[in-house]
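The sequence shown begins at 428 in my numbering and counts up one residue at a time. Note sheet for the following structure.
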Amino acid sequence: MPNHSTDAPPEATPATFNLLDEPWLPVERTDGSQDALSLTEVFAQSREITRFVGDLPLQDFALHRLLLAVLYGVIPGGPSEKQWRSLWNNGFPSAVAAYLERHRHRFDLLDDEQPFFQVAGLTTAKGEMTGLERLILDVPNGHPFFTTRGGRGLASISLAEAARWLVTVQAYDPSGIKSGVLGDDRVKGGRGYPIGIAWSGHLGGLLITGSTLHETLLLNFVGQEVQPDARWVDRTNKTLYDVPAWQRPQPTAAATLGLDQPTDAVGGTTYFHGPATLYTWQSRRIRLGVTGDRVTGVLVANGDTLKPQNAHQFEPMTAWRKSEPQAKKLKLSTVYMPLEHQPDRALWRGVAQFLPVSAPQAGADRLPSLTTRWLNRLQAEQLIGNDQLVRLKAFGVVYGSQSSVVDEVISDDLDLHLSVLSSSDPTVKGLLDAATTLAESGVGEATRFAVNIALAAGQPIEGPRRQTRERAFELLDVAFRTWVQQLTASAAQDPTALISWQDAVREILHTVGDELIASAPTAAWTGREVASNSKGERQQRDLPHADLWYRAAIRKLIPTDTDQNTFTTA
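Here you go:
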C-alpha cells in the first residue's frame, strides 16, 4: 500500500556556504534600493553602496572591521599615502578579489576542517548545543521575552544571518560562563569560566562614514606610518606581524599560545599586532549547529583572552584615556584605556576629544584615534577634500551582571566636515570645547532654575531637575548638530562661529525658562522660606526671584553687546 504520510523528507544540509559567493551582506544602494551581496561583490560594487543594513548597530561596526581586515590582508600594514590616493581615485583593485580567492577555503561557513570563524568538531563531553540566544545579541540570555524575536525567528535562522552574527559575537560577546569543550585545558567541572568580554566590547568604537561604502572603508583604512613607535609589519625584512584570522593557523578548542601572551622585547611583536589581528580576534571558539539550510543551535566556548591596556598604537577605531588606577595596578608609568562612550551622554558633547593633535604629548590625558590622526596626515598632504561632509558614528556596549550580559547598546552619530574632524588646529578644538562647555553650563543654570521653582512650591527637586536637564539637552542636541554641520575648519577661525552658537544657546535657555514658568505650580509664585546653607539660615524662594536669578545667570554666561556695555559703564 502506498505511503500517504505528509511528513516532508528532511532538508539536506548544503555542502558549502562560502561567504565569497553567497549573498549574506545586506546593503543599501546609492539609489535607495536594498540588496544582499557576497563579500566579493561588496568590494566590487562598493561605490554603488551607501551602507550596511544590519540587524543591530553593533553588527554594522563589526562588518566594517571585517572588510577592513581584508584590505589589511591585501596591503599589510595599511596603505602608504600614495597607495591611499590611488585607492580613493581609482577604486579597489583586482588584487582584492585575487586575495580573497587565495584564502577561499577559510571563508566557507560549513567547511569540514576550517569553517569560517569557527572550530570544526568543537564539542562538549555530552555533545550538546545551546539555543541561538547565545549567538544573537539582541536576545538576552534567559530572558527571550525582552526581544521581538519569536517562533521560527528564534528557533532557527538562515546561514546568511548566522554568518553576520558570528562576526558580531566574535567582536562583542559578553563574559560569563561558557560551554566547557573537550580539548580546552581551562575547563573545570564541564564549564568554561569567564575570560572577559570580546575585544570590541572594550572600545568606544568610532567609524567615519562617507557617501559610499568605498569612501567609508578608505576613511578608516589607516597606514602604520601614523604611529612611529610600533610596527604592524616590517616591510624591510618582509615580516608580517599583523594578519587577519584567516591567514593564521586554524584555531583549536585550546587557547592560541603566543597570541594572548605579550612580549616586551624591543622590536618584537606584541599580542595586539595591529588592526588586522584585532579586527578578526577570535575571542570565542564557536561551532554552528546546522539542520538543512538553517542554523538551529550553537556552541560558544572561551577563545583567546585579550585585555585593552596600552593598545593605542595598534587599535585605530577608538580614542584613549590615561588611567592612573591601571598604571598603579600594573606598575607601569602610563597606561591608556579605550575611551568608552557613555549611554547618557550624546556624542556631540565630547566631540572635541576625538580631534587629532599634530604631535600627542607623552603622558597626555587623552589620545585621539589613529583614524583621525591618519586623516589629518592625508589633509596635510592635500590628498582629500576639506569640505567633504562625513558622519562620525559611535558604537559601544554597556555590559551588566559582571559583564555577563548585554545591558545596553550605544549607537550615535554626528555629521561634520572632514576638515573639522581631521583638524589639529587648536583653534578648532578650542571652539568645540567652548561650545560644548557653554551647553553644559547652560543646562546647569536651567536645572538650578527648576530646582528653585520646586523648592518655592515645597515639592521634591529630583524630578524637575532630571526633566529639565533632559529637555534642555534635547533642544541643544538639535541646535548643535545644525551648527556643527555648517562649520568648517576655516570658518572656525571667525569669531562669529562662536557668537552664532551663543545666540542659539541663549534662545534655548530662554525657551526652557518660559516652559518652566508656564508649568510652575501656583504655590511657587508665593513661595516660602527654605534652608539656604549648612548653618540653617533661611532664604525666601519664590518664582519671581528665581526667574530674576535665572535671567541674570544667562546674561552673565552669555553677555550680549548691551550687557557688556552695561557692565563696562558700571
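Virtual Cβ for every residue (Gly too), placed ideally from N, Cα, C. Since this is a predicted model, take the numbers as computed values, not measurements.
Name the DSSP bridge partner or partners of M764?
-> For M764, the beta-bridge partners assigned by DSSP are R748.
Within 10 angstroms of its Cβ, does P453 collect 16 or more other Cβ (buried), or is it exposed?
-> The residue in question, P453, is buried, as its Cβ has 16 or more Cβ neighbours within 10 Å.
Excluding sequence positions up to five away, which residues of its chain have a Cβ less than 6 Å from the Cβ of I811?
-> L805.
Determine the closest residue to V855 out of V905, T915, V932, with distance taken between C-alpha atoms.
-> Selected option, being the one with the closest Cα: T915.
Would you please state the rounded distance, in angstroms, between the beta carbons of A883 and A951? I believe it to be under 8 Å.
-> Your pair A883 and A951 checks out as a contact, with CB atoms roughly 4 Å apart and the cut at 8 Å.
Contained beta strand (DSSP E) runs [length at least 3] in the segment 458 to 510, N- to C-terminal order | Listed in chain order, the complete beta strand (DSSP E) runs (minimum 3 residues) inside the segment 458 to 510 are 461 to 464, 476 to 479.
Quick one: grab the DSSP three-state call for D839.
-> Looking at D839 - three-state DSSP - the assignment turns out to be strand.
E956 in three-state terms, based on DSSP = DSSP places E956 in strand when its eight states are reduced to three.
How big is the Cα-Cα spacing for G505 and R712?
-> Whole-angstrom Cα-Cα distance: 28 Å.
Taking the alpha carbon of R772 as the point to measure from, which residue in S838, T923, L466 has its own alpha carbon closest?
-> Answer by Cα proximity: S838.
Evaluate E901 with the Cβ neighbour count: other Cβ atoms within 10 Å of its Cβ, from every protein chain shown; 16 or more gives buried, anything less gives exposed.
-> Exposed.
Which two residues bound the contiguous alpha helix (DSSP H) that contains A883?
-> For A883, the enclosing alpha helix (DSSP H) covers residues 853 to 884.
Anyone know if the C-beta pair for P671 and G500 falls short of 7 Å?
-> Yes.
Residue environment, I584, which counts as buried when at least 16 other CB atoms sit within 10 Å = That one is buried.
Going by alpha carbons, who is nearest to E508 out of A862, A945, V649, D720?
-> For the residues A862, A945, V649, D720, the minimum Cα distance to E508 belongs to V649.
Which partner residues of E455 appear in the DSSP bridge assignment?
-> Q461, R478.
Closest residue to A931 among L943, G940, A866 (Cα-Cα distance) | Among L943, G940, A866, the Cα nearest to that of A931 is on A866.
Nearest CA to the CA of D974: which residue from R456, R714, A945?
-> Shortest Cα-Cα distance from D974 to any of R456, R714, A945 involves A945.
Can you tell me whether Y977 is buried or exposed, with buried defined as 16 or more other CB within 10 angstroms of its CB?
-> Buried, since its Cβ has 16 or more Cβ neighbours within 10 Å.
Can you find at least 3 beta carbon pairs, one from the segment 715 to 724 and one from the segment 743 to 761, that sit closer than 8 Å?
-> Put simply, the segment 715 to 724 does not touch the segment 743 to 761. Fewer than three CB pairs are less than 8 Å apart.
Neighbourhood of A442 by C-beta distance below 8 Å, restricted to the same chain and skipping five residues each side = The beta carbon of A442 is closer than 8 Å to those of L537 in its chain, skipping five residues each way along the sequence.
Cβ of R492 within 7 Å of Cβ of Y698?
-> Not a contact, by the Cβ cut-off of 7 Å.
When you compare only the Cα positions, how much space is there between A979 and W928?
-> Spanning the two alpha carbons is a distance of roughly 19 Å.
Residues in its own chain within less than 7 Å of T745 by CB, not counting five upstream and five downstream?
-> Excluding five sequence positions before and after T745, the CB atoms of its chain that fall closer than 7 Å to its own CB belong to L630, G631, G632, L633, P765, L766, S796, given in chain order.
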